[in-house]
Amino acid sequence: MKKTLTLSLIACALPALPAFAQTCVGAGFDIPLPGATAVETRHVDIPSPTYPGIWQEGTVRNFFYRIYANGEAALSPSASSSDWEITVLCDAGTCQKSVTGTAPQAALDTADLLEACLLGGDAAQQLLASEPDGTAPPPDGTVPALVQDIPPESPTPAPQAPLSIDTITPDTVAPEPTAQITEETAPVAPVPAEDTAPCGLAAIPEGAPGITLQRLLVEAGENPGPLDGIPGRRTRTALQNLFGAQSADMDTAEAITALDNLLCQ
């Protein structure tokens, strides 16, 4: 009886892990978001049994995007700029958008594409197909021919009469070729490129302390729960998974500093 009660208490104490729907970027996050360029699939260096720690980032419609494995996506002007930010959070087939700052209308429209991707299936492709982009063929089905600029033809020079022996002068005699001296140079070893990938706070958009803490936990491979800027039980559990009992004494600022040091070591 005592053993059964102990197992029941443990089962109640474990947090229920959310079941995330497969997005349009695939389970491995290796399928590019439709219309995106410079696409990269990122993995965290610290494994976690509670969170897959994988996301995709890139550029779509001249905006920087990230699609996380916990059903969230973020859109900002660039990877290093946070003048504004749009966050899309989807759960159980419904999505919510939150806007920080003043985002342009083009960014708000692009956030609809991220939402369609998070919902999975071919929703993102259907959204792109329904938007006019100027690339559709004419209604009659014909494809316009390519127009190329053809330079004007230059007149053909008149043939010159061959020189006779009597007309050869010192000026018409071809000079003897001069031997060229080449110097051998030692090959230059290529300089290895430095790893300039951002880490920690530099890898996430700026925001309030609560949302910053949750995003750093995502970067570290943990599941802080919904990225709503309000740290709760899941956020504390994620911190405990990384730092153990000492996390209980950390306030939000100390936890952010510890996570930044951990991700950039």
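Numbered according to mature numbering (1 follows the signal peptide of the UniProt record, and there is no 0), the sequence shown spans residues -21 to -1, 1 to 244. Backbone N, C-alpha and C define an ideal beta-carbon position, used for all residues, glycine too.
For Glu19, same chain residues with a beta-carbon under 6 Å away, outside a window of 5 residues either side, are Glu36 in chain order.
In the DSSP assignment, Arg215 falls within the unbroken alpha helix (DSSP H) covering 212 to 222. Excluding residues up to 5 positions away in sequence, Arg194 lie with their Cβ nearer than 6 Å to the Cβ of Ile183 in the same chain. Taking the Cα positions, Asn41 is about 20 Å away from Pro177.
With 16 or more neighbouring CB atoms inside 10 Å of its own CB, Cys69 falls in the buried class.
The beta carbon of Gly208 sits closer than 6 Å to those of Ala187, Gly189, Ile190, all from its chain and outside the five residues before and after it, given in chain order. Exposed is the label assigned to Ser60, since fewer than 16 other Cβ atoms lie within 10 Å of its Cβ. Assignment of Glu51 by DSSP, reduced to helix, strand and coil, places it in the strand class. When beta bridges are read from the DSSP output, Gln35 appears opposite Thr20, Ile46. Looking at Ser55, Pro210, Ile235, the one whose alpha-carbon comes closest to that of Ala199 is Ile235. Taking C-beta separations shorter than 8 Å and ignoring five residues to either side along the sequence, the partners of Gly14 in its chain run Val39, Arg40, Leu92, Leu107, following chain order.
Exclusion of the five residues before and after Ala102 leaves Cys3, Ala95, Cys96 as the residues of its chain whose Cβ lies within less than 8 Å of its Cβ. Sequence-distant partners of Asp62 (beyond 5 residues in either direction) whose C-beta falls short of 7 Å from its own C-beta, in its chain, are Pro56, Gly80.
With 16 or more neighbouring CB atoms inside 10 Å of its own CB, Thr214 falls in the buried class.
Per DSSP, Thr79 is not a residue of any alpha helix (DSSP H); the beta strand (DSSP E) it occupies stretches across 73 to 79. Exposed is the label assigned to Pro83, since fewer than 16 other Cβ atoms lie within 10 Å of its Cβ. Within 10 angstroms of the beta-carbon of Asp228 lie fewer than 16 other beta-carbons, which makes it exposed.
By the criterion of a C-beta distance shorter than 6 Å, Gln104 is surrounded in its chain by Pro13, once the five residues flanking it on both sides are discounted. Contact between Tyr44 and Leu54 is confirmed by a C-beta separation of about 5 Å, below the 8 Å threshold. Residue pairing of Ile65 in beta bridges, as defined by DSSP: Leu54, Val78. In this model, Gln1 and Cys74 are separated by some 14 Å (Cα to Cα). With respect to Leu221, Pro210 sits apart: the two C-beta atoms are not nearer than 8 Å.
Take Val23, set aside five residues on each side of it, and the residues of its chain with a beta-carbon closer than 7 Å to its own are Gly32, Glu198, Ala199, Gly200, in chain order.
Around the Cβ of Glu64, a 10 Å sphere holds 16 or more other Cβ atoms; the residue is buried. Beta-bridge annotation (DSSP): Asp70 is paired with Thr73.
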